[in-house]
Amino acid sequence: MTRTVEHTRNQALIIWANRAFLGRYGRYVAIRLKGRNLSVAVRHHEMLQWIPAHEALTGREAERWARTGF
169 MTRTVEHTRN QALIIWANRA FLGRYGRYVA IRLKGRNLSV AVRHHEMLQW
219 IPAHEALTGR EAERWARTGF
């Protein structure tokens, strides 16, 4: 299983999920660490919306996403 990780120009680390997670805001497809801020990418049709991880996921949801093949 390969993992896609990218560094962006603004020094953010993005890790794309192998399996999306269905959360309260929609389908979560990636996480981004930018400075000290952790965000979750929610896919909406042709665009991504970045939401702070603490708003998008509970601790239990984050653990479940990690266990099920993030």
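With our numbering applied, the sequence shown has no gaps in its numbers, which climb one by one up to 238 at the end.
Note that CB positions come from ideal geometry on N, CA and C, so glycine has one too.
The alpha helix (DSSP H) with residue i in it runs from where to where?
i    : result
R228 : G227 to R235
Grouping DSSP H, G and I as helix and E and B as strand, with all else coil, what is residue i?
i    : result
H213 : coil
W218 : strand
Look at residue i and residue j and say whether their C-beta atoms are less than 7 Å apart.
i    : j    : result
R187 : V197 : no
A230 : K202 : no
G191 : A224 : yes
I183 : I199 : yes
Output the boundary residues of the beta strand (DSSP E) element that contains residue i.
i    : result
F189 : A180 to G191
R195 : G194 to K202
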